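What follows is one structure encoded as structure tokens, with my remarks underneath.
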Amino acid sequence: MPIRTTGLHRFALLWVCLGALGAMAQTLTVPSHWQDINAQVESEYPKARREAMAAATAQSLVAHVNLINGSIDGLDPATTASLAATLAFQDYYSGNVSFRDEVLGDLLGKYSTSHPILNNGYAYGAWSPDTLHFGLAAYYAYLAYNDSTALQLAVENWQLAYTTDFMTVQRAQSGVFPDAINFDTNCPAKVAGGVFTMIPEGTSAEMSTDSSGMMISLSGYLYNITRNTTYLDSAVLGESFMHSNAYQSGQPIPAGVNATDCMVQDTDLFTWNTGLYLQGVVVLASITGNGSYLTIVDDLVQQAASAAWTSSEDGHITEFYATNSSGAPGAHNAYKGFYVRALAEVARLYPGTRRAEFIQAYIGAQLNAVLNLSSTPDTNFYSPDWNGPPASNFDALGAVAALDVLNPSFAFASDTSTAGTTSTSTGVSPTSGGLSSSTRHMTSTGAIAGGVAGGIVGCVLVIVGMIYIRRRKRRNRLSHSLTSDDVEPAPEQVREMDPHPFKLYHSNSTRPPKGSTGTPLANPVPISAPSSSSQIPSIPVPEGATNAFTTSAGRGSQPGNEVEAFVMDFVSRLQSMVHMRRQGADEEPPRYTD
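Counting with the working numbering, you get residues 255 to 848 for the letters of the sequence shown.
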């Protein structure tokens with residue numbers, strides 16, 4: 255039955271459109287005190303200085319690596335994987351291969367061949383967060399060095415997590431999980447897609463949200479390389495689990511869910527759980543072009559301004575926990591680096607957007623804290639407590655966490671950065687880092703005004719279109735009554751609007767950096783799938799590894815009727831208006847690689 259569009263309905267639609275767009279224009283606006291902090295930091299620490307500090311910090315970490323266990327004394331497995339990740343990103347952002355041997359040999363190589371039990375760690379494969387942290391670190395190494403052994407390690411760890419800890423649909427429906435002891439669930443429809451922290455036993459059946467978030471992102475990254483749909487299916491299923499059991503709009507992500515009843519088990523709120531889920535969702539958004547994922551991304555990004563872990567005074571992360579039994583800070587005090595890295599990934603995947611500008615400012619606030627509150631000037635001593643006081647000696651936890659801030663801070667910065675001036679960003683910068691406080695304020699204000707004005711125009715177009723369609727249908731009915739041979743013309747195909755779903759990386763991003771000796775991936779080392787699961791991808795297929803992601807099904811297809819065509823065109827225009835770079839306010843988005 256057709257829906258009649260009355261004047262009241264049209265007015266209500268216009269009111270809803272304006273309200274929604276008005277709310278949208280008010281989110282992801284950089285707070286004024288972040289702007290002031292960033293202007294000061296940009297003046298004192300230009301890009302070249304930041305990059306030099308990042309390189310020096312990385313070098314200080316490498317000097318402390320224990321070649322026997324492939325870690326630094328005091329680091330747990332997750333932070334050891336983070337060490338490899340930050341070194342790889344240091345090379346990736348700078349276009350160098352300075353730490354290739356250390357990442358591929360001393361760190362990931364030792365993990366892959368020896369499976370050492372590190373500080374506070376479990377045996378190999380027994381603790382899913384460790385498995386997935388190393389899987390992601392291996393992927394980052396592949397990204398930086400185009401090395402097939404790194405890719406193989408990423409796939410192997412994905413397989414290990416999938417077979418040991420991942421709740422597939424089939425497992426959820428059957429109620430049988432491999433190696434589980436006296437485990438049962440009363441929520442099989444909701445538990446699929448979760449990742450157990452470790453093999454469940456009775457009611458001790460926690461599914462950790464950090465593992466689930468990492469499973470989403472690692473699956474997405476591997477799908478991008480191989481186009482094997484099992485990876486994509488796993489990512490989508492994992493996000494569905496998180497959305498059903500752990501995500502609430504406007505709230506951080508809790509630490510764990512009990513698989514026996516799908517209730518939140520660990521209500522603690524840490525930066526890293528939110529960050530790792532955020533990273534998974536933004537990777538999935540890049541793969542699918544699905545706007546609903548971007549809605550979640552923006553909600554989680556916005557929480558940086560309101561979360562309890564963010565200082566209301568200067569925007570820095572205040573998260574810090576008491577020392578362990580030995581009197582030293584626990585390794586989890588470096589985990590806030592995961593959160594910063596996830597935010598940087600959002601900005602990197604969606605450069606030139608308001609979310610990128612917001613994140614850039616937030617990372618600037620962290621840089622201010624790292625350099626002015628936690629570190630001793632002219633040293634590579636960083637405390638993992640970003641509230642201060644500064645470290646008086648080398649601290650591996652503090653240095654790893656600091657490098658997660660230093661890396662994107664120089665990658666996002668402009669080539670020349672001084673207070674009150676703006677210069678064109680080049681190189682690998684996801685978005686300009688040299689905006690002054692006043693320029694950034696004008697950009698945000700212009701975005702709000704432009705968003706509201708554009709929303710008004712768009713909503714008016716909807717009303718005009720509905721009136722046009724109604725009149726056309728009336729003419730068609732009249733024409734049909736006069737001539738039975740007349741045929742309604744086919745609706746015009748909807749024009750696909752920009753922006754397209756973003757690529758995870760630029761088309762040349764997996765080309766080895768200058769001086770790289772990474773093994774080309776034309777013929778990757780075959781990886782045998784365990785015989786117990788025929789669904790597990792077995793061999794990476796790198797053809798098209800850096801091509802654009804596939805778009806959502808039906809995108810650009812011809813709709814079945816004129817109303818659908820008009821609505822789809824309007825939605826595309828609205829998405830374009832929200833996500834495209836504001837004309838006249840910012841420069842063209844820079845590329846990641848040469």
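Glycine residues also receive a C-beta, built at the ideal position from the N, C-alpha and C atoms.
Keep in mind the model is a prediction, meaning the values are calculated, not measured.
From the options, pick the residue whose C-alpha is nearest to that of residue i; which is it?
i	options	result
Gly324	Lys364, Ala339 and Val357	Lys364
Pro583	Leu282, Gly328, Glu305 and Ser314	Gly328
Leu621	Thr514, Val449, Asp568 and Glu455	Asp568
Thr417	Ser402, Asp520, Phe450 and Asn400	Phe450
Leu530	Thr283, Arg595, Asn647 and Arg354	Arg595
Ser473	Trp526, Gly534 and Asp419	Gly534
Thr463	Ile507, Val319 and Asp649	Ile507
Glu356	Trp381, Ala404, Ala377 and Gly389	Ala404
Lys590	Ala500, Gln614, Ala513 and Thr564	Thr564
Gln505	Ser629, Val555, Thr514 and Gly642	Val555
Thr281	Ser560, Ile571, Phe353 and Phe420	Ser560
Pro454	Phe431, Val295 and Leu362	Phe431
Ser318	Phe664, Asn647, Tyr347 and Ala665	Before going further, note that residue 318 is His rather than Ser in the sequence given. Ranking the options by Cα distance to His318, first place goes to Asn647.
Pro522	Gly510, Thr457 and Met461	Residue identity check: residue 522 is Asp in the sequence provided, not Pro. Considering only alpha carbons, the answer is Gly510.
Leaving aside the five residues before and after residue i along the sequence, list all residues of the same chain whose C-beta is less than 6 Å from its C-beta, in chain order.
i	result
Tyr393	Ala408 and Tyr475
Pro662	Ala598 and Ile617
Arg354	Tyr399
Please report the straight-line C-alpha distance between residue i and residue j, rounded to a whole angstrom.
i	j	result
Ser366	Asp658	23 Å
Ser761	Asn478	The pLDDT assigned to Ser761 is 33, lower than 50, so where the model puts this residue is not dependable; a value taken from the coordinates is nonetheless given after this. Between Ser761 and Asn478, the C-alpha separation is close to 12 Å.
Phe524	Gln289	25 Å
Ile617	Ala293	13 Å
Asp552	Arg608	10 Å
Gly772	Phe612	Note on Gly772: pLDDT 34, under 50, position unreliable in the model; no value is reported.
Ala656	Gln313	13 Å
Val302	Asn626	In the sequence as displayed, the identity of residue 302 is Ala instead of Val. Taking the straight line from one Cα to the other gives about 18 Å.
Leu532	Gly467	7 Å
Thr549	Ser503	10 Å
Ala434	Thr572	39 Å
Ala309	Phe437	48 Å
Tyr347	Ser498	36 Å
Phe420	Val445	10 Å
Glu296	Thr630	19 Å
Ser465	Leu660	25 Å
Asp360	Gln344	16 Å
Asn527	Leu321	30 Å
Leu390	Leu362	11 Å
Trp640	Val624	6 Å
Leaving aside the five residues before and after residue i along the sequence, list all residues of the same chain whose C-beta is less than 7 Å from its C-beta, in chain order.
i	result
Thr385	Gly379, Asn411, Leu414 and Ala415
Tyr575	Gly584, His586 and Asn587
Ala652	What sits at residue 652 in the sequence shown is Gly, not Ala. Contacts found: Ser628, Tyr636, Ser637, Pro638 and Ala645.
Ile291	Asp568, Gly569, Gly618, Ala619 and Asn622
Gln519	Glu460, Gly510, Val511 and Asn512
Glu305	Ser348 and Phe664
His369	Tyr378
Asp515	Asn440 and Cys441
Which residues does DSSP list as the beta-bridge partners of residue i?
i	result
Leu523	Pro508
Asn320	Ser325
Ile291	Bridge partners of Ile291: none, in fact.
Ser462	Gly510
Ile571	Thr564
Thr577	Pro583
Glu455	Ile435 and Ser458
Tyr416	Looking at the DSSP assignment, Tyr416 forms no beta bridge with any residue, so it has no partner.
Ser546	Paired residue(s): none; Ser546 is not in a bridge.
Phe612	Phe612 is not bridged to any residue.
Met517	Asn512
Val449	Phe420
Tyr636	Ser629
Within a Cβ cutoff of 8 Å, which residues of the same chain sit near residue i, ignoring the five residues on either side of it in sequence?
i	result
Glu493	Gly447, Ile470, Gly534, Val535, Leu538 and Tyr547
Val779	Low confidence applies to Val779: its pLDDT is 32, below 50, so where it sits in the model is not reliable, and the reading given next is rough at best. So the qualifying residues of the chain are Ser402, Thr403 and Gln406.
Ala443	Ala426
Val654	Leu315, Leu329, Thr333, Ser336, Leu337, Thr340, Ala588 and Gly591
Ile326	Leu315, His318, Val319, Asn320, Thr334, Leu337 and Ala650
Gly429	Asp438, Thr439 and Pro442
Trp381	Pro331, Gly375, Thr451 and Met452
Any C-beta of chain D sitting closer than 8 Å to the C-beta of residue i?
i	result
Val511	Here there is only one protein chain, and chain D is not present.
Would the segment 593 to 606 and the segment 626 to 638 be scored as touching if the rule is three or more Cβ pairs under 8 Å?
no
Would the segment 327 to 341 count as touching the segment 372 to 384 if we require 3 or more Cβ pairs under 8 Å?
yes
Touch check for the segment 537 to 552 and the segment 476 to 493: three-plus C-beta pairs under 8 Å?
yes
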